[in-house]
Structures are given as C-alpha cells and as structure tokens.
Amino acid sequence: MKRAYIIFSAVVAVGAGGLGAMTLLPSSGAQAVAEAASQNALKTETFNIEKMTCATCPITVKKAMGKVNGVSSVDVDFQAKTAKVTFDPKRTTESAIASASTNAGYPAKIAAAQ
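So for the sequence shown, the working numbering puts the first residue at 1478; every next one is plus one.
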C-alpha cells in the first residue's frame, strides 16, 4: 500500500510540474490573441434611453441591443437612463443598435460627447 502511495505521489508531482510549465509556455498564444483583438478593434458607444420607468425596462433594452449582430456587451444604467454598448463597427452601426432599442419601445439616441 505504501508503494502505491509513493508512486501516486510521484505521478501527481510530475503532472503538476508539467501543468505549471504548460501555463508558462503559451505567451506566444497570448500575443496572437492580442494581435487578433487589435485587428478586430471594438468600439464602445453610450446611448441615452428614453421611457425606462421600471426595473424590467433595462432588461428589455439589454436584450434588444444584445441581439444586434456584432454587439459584444451591453451595460444599461437605469438611474442614468443610458446604455454603454461595445460592438464591432465592421458588423453593425450605432443607428442599428439604437433602432433595436427603439423597436423594443425604448427610443435610444447616441449620447453627446462630454
């Protein structure tokens, strides 16, 4: 029984060492991901949202804007009545995103630069 425990411990130690080395090696993979991200530069735009009156309104706005092809994230602020949208400008436009919210019953306009 003692021999099996020693062998098991050795295998775990070697395996853990291999996992540690594996996490250190893919730095070139991280560079490739960073390069791909820079080629597909995302844009973030803030929209003013009208007619949000209850706690479920932001959920509807988020779902409507999130369904637009090219939108990667939507963060709706009920108190400020705004939505911060991150999207791929090669796949969609600000007007398409605003239209999605407007069609859901919550007119959206691009917020003025501050």
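Here a beta-carbon is modelled for each residue, glycine too, at the ideal position from N, C-alpha and C.
Could you check which residue in S1578, G1547, T1537, K1528 has the C-alpha nearest to that of K1567?
Start at 1 with the first residue of the sequence shown, and residue 1567 comes out as number 90. Among S1578, G1547, T1537, K1528, the Cα nearest to that of K1567 is on G1547.
Taking DSSP as the reference, what is the three-state secondary structure of E1571?
Counting from one through the sequence shown, the residue named residue 1571 turns up at place 94. Looking at E1571 - three-state DSSP - the assignment turns out to be helix.
Residues near T1563 in its chain [Cβ-Cβ closer than 6 Å; skip 5 each side]:
Here residue 1563 refers to the residue found at position 86 of the sequence shown. Apart from sequence neighbours up to five positions away, the residues of its chain that approach T1563 with a beta-carbon distance below 6 Å are L1519, T1521, S1549, S1550, ordered along the chain.
When DSSP labels each residue in this structure, what does V1548 get in the three-state scheme?
As a working note, residue 1548 is residue 71 in the sequence shown. Of the three classes helix, strand and coil, the one that applies to V1548 here is strand, per DSSP.
Which term fits S1578, buried or exposed, when burial requires 16 or more other beta carbons within 10 angstroms of its beta carbon?
In the sequence shown, counting from the first residue as 1, residue 1578 sits at position 101. Counting Cβ neighbours within 10 Å, S1578 comes out buried, since at least 16 surround it.
Element boundaries [alpha helix (DSSP H), containing T1563]
Your numbering for residue 1563 matches position 86 in the sequence shown. No alpha helix (DSSP H) contains T1563, which is instead part of the beta strand (DSSP E) from 1559-1564.
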